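Peer 1: Structure provided below as structure tokens; questions to follow.
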Ligand SMILES: N[C@@H](CCC(=O)N[C@@H](CS)C(=O)NCC(=O)O)C(=O)O
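Numbering (the working numbering), first residue to last: 1 to 221.
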């Protein structure tokens, strides 16, 4: 029987993009069933209505950490380092992304900015409202930066790992905000890594319809 592999998610979703990039890099052929969070389709595969979910033949896997484990165990574990110290660094970065980066930077700055812009709030007022959350976000991104290896092209040094695919989509979206320069200054190692990583084929392939892409189209109008 031919393999059937479907990722259920949306191009703008950072966690969906993580999986799309990783599977493309690992040459796991799959189709993308496009759905937003909290649709009927999203709830069919995830009791919380979140995305992404992975469907492999009759098996449904939701939550990206479980999807990562499934890909490692079923298709290829090339993105998980065998060396304990590199693996610990990778897991710490993924955990930091799912917690601090999401809570304090995405939900603290990026989403409120999106909301204020959709309400046509004046830019000066947005800047004023974001002042305190941005200070907090600056501390967080600075702390993340200190975790990035100084040598090598990847977050964990010379080894491409899951951490690169987890962290990249959120950073790419953050670097598309008017606050990008502030973030780059607070996180020079992340900025350097981002500048190299953004040229990769799987990164370019998954760029259309991301938040960064949508914002770049808006600003060129
Ligand atoms: N813990 C979930 C997080 C997934 C997640 O939050 N996905 C976002 C899209 S990137 C979503 O579905 N958001 C809808 C919401 O926050 O209610 C996982 O690892 O899969």
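Glycine residues also receive a C-beta, built at the ideal position from the N, C-alpha and C atoms. These numbers were taken from a predicted model, which means no experiment stands behind them.
#1: Can you grab the Cα-Cα spacing for the pair residue 119 / residue 126, in whole Å?
#2: Beta strand (DSSP E) containing residue 67: first to last residue?
#3: Can you pull every residue whose C-beta falls closer than 5 Å to some heavy atom of ligand 2, listed in chain order?
#4: The alpha helix (DSSP H) spanning residue 56 covers which residue range?
#5: Between residue 38 and the rest of its own chain, which residues show a CB-CB distance below 6 Å, the 5 nearest in sequence each way excluded?
#6: Is it right to say residue 81 is buried, meaning 16 or more other beta carbons lie within 10 angstroms of its own, or is it exposed?
#7: Buried or exposed, going by whether 16 or more other CB atoms sit within 10 Å of the CB of residue 247?
#8: Would you mind working out which of 211, 14, 26 sits nearest residue 201, comparing C-alpha positions?
#9: Can you give, in chain order, each stretch of the alpha helix (DSSP H) that sits fully within the region 20 to 54 and has at least 4 residues?
#10: Determine which residues share a DSSP beta bridge with residue 6 and list them.
Peer 2: According to the data block:
#1: 10 Å
#2: Run containing residue 67: none in the beta strand (DSSP E); it sits in the alpha helix (DSSP H), 64 to 74.
#3: By its list of ligands, the structure shown excludes ligand 2, since it contains just ligand 1.
#4: Note, residue 56: premise wrong, no alpha helix (DSSP H); beta strand (DSSP E) at 53 to 56.
#5: The beta carbon of residue 38 sits closer than 6 Å to the beta carbons of 49 from its chain, once the five residues preceding and following it are set aside; these are given in chain order.
#6: buried
#7: Past the edges of the chain, shown from 1 to 221, lies residue 247, and the structure says nothing about it.
#8: Among 211, 14, 26, the Cα nearest to that of residue 201 is on 26.
#9: Within the region 20 to 54, complete alpha helix (DSSP H) segments of at least 4 residues are found at 40 to 45, given in chain order.
#10: 31, 55
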